[in-house]
Amino acid sequence: MTGAVTQCVFCDIIAGRIPAQLVHDDEQVVVFKDIHPKARVHLLVVPRVHVPSLDELEERHDALVAHMMRLLPVLARKQGLATGFRTVINTGAGGGQEIAHLHIHLLGGAPLPGF
Ligand code: AMP
Ligand code: ZN
Numbered sequence: 012m013t014g015a016v017t018q019c020v021f022c023d024i025i026a027g028r029i030p031a032q033l034v035h036d037d038e039q040v041v042v043f044k045d046i047h048p049k050a051r052v053h054l055l056v057v058p059r060v061h062v063p064s065l066d067e068l069e070e071r072h073d074a075l076v077a078h079m080m081r082l083l084p085v086l087a088r089k090q091g092l093a094t095g096f097r098t099v100i101n102t103g104a105g106g107g108q109e110i111a112h113l114h115i116h117l118l119g120g121a122p123l124p125g126f
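My numbering puts the first residue of the sequence shown at 12, with every later residue one more than the last.
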């Protein structure tokens, strides 16, 4: 079913079926602006492979996880977040996860509330 809209919004963005404001893409991830930003900078780092959440990560994803982690400070620097940034991963209903495709929130550029 080439071109069909899937049940996953982020897979549809990755496939170019629905638009997003892309800021980075490579063989393993796409990065785009959150549609409802909670800070001046609010990016979502999303693996191209559909992994539903942190709970479903396996050993075969280790290189992907390392790539995502090491990409975060690079993205933050490019966004001008010289003094630091926040990363968030929501997991499952109990973690407030709304989109069931693993993603890391990258936030900064505004005073962020404490926990
Ligand atoms: P989470 O609660 O961790 O699953 O976060 C999902 C995030 O995806 C929320 O911050 C939403 O604002 C964001 N979001 C939902 N749909 C889109 C979309 N089409 N493009 C960009 N961001 C989106
Ligand atoms: Zn997906």
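Glycine is no exception: its CB is placed at the ideal position from the N, C-alpha and C atoms.
Since we're looking at a predicted model, the values are computed, not measured.
In three-state DSSP terms, what is Arg81? helix
In terms of residues, what are the limits of the beta strand (DSSP E) holding Ile115? First-last of the beta strand (DSSP E) with Ile115: Ile115 to Gly119.
Rounded distance between the beta-carbons of Pro63 and Val40, thought under 8 Å: In fact, because the Cβ distance is near 16 Å, the residues do not count as touching under 8 Å.
Straight-line Cα distance separating Leu55 from Leu83: 10 Å
Cα-Cα separation, Pro30 to Glu70: 31 Å
Secondary structure at Arg28, three-state DSSP: helix, strand or coil? coil
Which same chain residues end up closer than 7 Å to Lys49 when comparing Cβ atoms and leaving out the 5 residues on each side of it in sequence? The answer, listed in chain order, is Leu118.
Which residues end up in the neighbourhood of the ligand ZN when you take C-beta atoms closer than 6 Å to any of its heavy atoms? Cys19, Phe21, Cys22, His61 and His112
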